Amino acid sequence: MSRTKIQHISDIPPHDAIIEAVPGIGNVGKLVVDGLVASYDSKMVARVLHPDMPPHATLDSEGLLRPPHLSIHSVNIGSQTVLCICSDAQPTTAAGQYEVAESILDFIKEHSDSRLYVLAGLAMDPEAQGIHVVCSEEGTMESMDEHGIEVRTGQPESGMIGLAGLLVSLAPLHEVEAIGLVADTVGGATDARAAERLSMFVQDKFGLNIGMDLDRTQAIASRLLESVGISEAAIAEISGEQGYGDLYV
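Written as structure tokens, this is what we have:
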């Protein structure tokens, strides 16, 4: 029996897509999703709770203490609406990640017929700047091919770990269409350039208006680093200049 609880906060509005990202290599996907929630008209519609989340309750924008959770936001981007699933952490156990993945997919099955895009990063050499499209069912792969979108059948070579990999791989069992979008990154705490590249890829290939320029991804990266105790001065020192450089930290 799953230990996941989903706290419904408001009704789920009609939407064009679902985008998910949690902390990972370079925090590439997290920068994109956090940027969307922070930059556009957004509203939290649900929280996903699990006992294997790190035991760190945090204050929300109203000063209320909230348990550790993944949040689901409705974000209005011009004429489009997307659901964004994000968090500052994910369950610390394999069982917890599996249970949360299945609960999220059940939630999507119940409330949506839109595609799920799972954003992540892949540690590579600095010169690598690819975006790898990963599918878990033949029909989705064929659809990508029909639209001229290349599916990388050999990358990520080691697969996808954590919540991201489970969401994509388990999606067919829950009758949810899901695609993994994995950006090459040198890793570190944040990679704003990879996040910009990933957001523009999604916009260009899938018609979702989520493209974010470097200034915006750098600003989100700054907030993310400061939230874990890395100051602006430290960011500048890491990047080697007064400013953010490539934010390859």
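Counting from 49, one number per residue, gives the positions in the sequence shown under the working numbering. Note that the Cβ used here is the ideal one computed from N, Cα and C, for glycine as well. Computed from a predicted structure; not experimentally measured.
Whole angstroms are fine: how far does the CA of residue j sit from the CA of residue i?
i, j, result
"His159", "Ile60", "7 Å"
"Ala281", "Thr238", "Caution applies to Ala281, whose pLDDT of 44 falls short of 50 and renders its modelled position unreliable; the model cannot decide the point."
"Ile209", "Ser58", "31 Å"
"Asp136", "Ile156", "21 Å"
"Tyr88", "Gln138", "24 Å"
"Ala171", "Ser90", "31 Å"
"Gly207", "Val96", "25 Å"
"Leu215", "His180", "16 Å"
"Ile125", "Leu131", "11 Å"
"Pro116", "Val250", "29 Å"
"Glu175", "Ala242", "12 Å"
"Ile66", "Ile133", "8 Å"
"Thr106", "His56", "19 Å"
"Gly83", "Gly259", "10 Å"
Closest to residue i by C-alpha separation, out of the options, would be which residue?
i, options, result
"Ser184", "Gln177, Tyr165, Leu170", "Tyr165"
"His63", "Pro220, Leu221, Met49, Val93", "Val93"
"Gln177", "Val234, Ser109, Pro102", "Val234"
"Met101", "Glu147, Glu110, His195", "Glu147"
"Val199", "Asp161, Lys253, Ile54", "Lys253"
Cβ atoms of residue j and residue i: under 8 Å apart, would you say?
i, j, result
"Val224", "Ala168", "no"
"Thr129", "Ser122", "yes"
"Ala69", "Val80", "yes"
"Leu229", "Gln145", "no"
"Leu218", "Leu153", "yes"
"Arg163", "Pro99", "no"
"Leu221", "Ala231", "no"
Which class does residue i belong to by DSSP, given the choice of helix, strand or coil?
i, result
"Asp154", "helix"
"Ile125", "strand"
"Leu79", "helix"
"Gly144", "helix"
"Ser312", "The first residue shown for the chain is 49 and the last is 297, placing residue 312 beyond what the model contains."
"Leu272", "Unreliable placement is indicated for Leu272, whose pLDDT of 49 sits below 50; the coordinate value is still reported in the next sentence. DSSP places Leu272 in helix when its eight states are reduced to three."
"Asp232", "strand"
"Ile120", "strand"
"Gly111", "coil"
Since residue i is in the beta strand (DSSP E), which residue starts that stretch and which ends it?
i, result
"Val182", "179–183"
"Ser247", "No beta strand (DSSP E) holds Ser247; the alpha helix (DSSP H) holding it covers 240–254."
"Met189", "First-last for Met189: 186–194, but that is the alpha helix (DSSP H), not the beta strand (DSSP E)."
"Tyr88", "Looking at the DSSP string, Tyr88 is not in any beta strand (DSSP E), and its letter there is neither H nor E."
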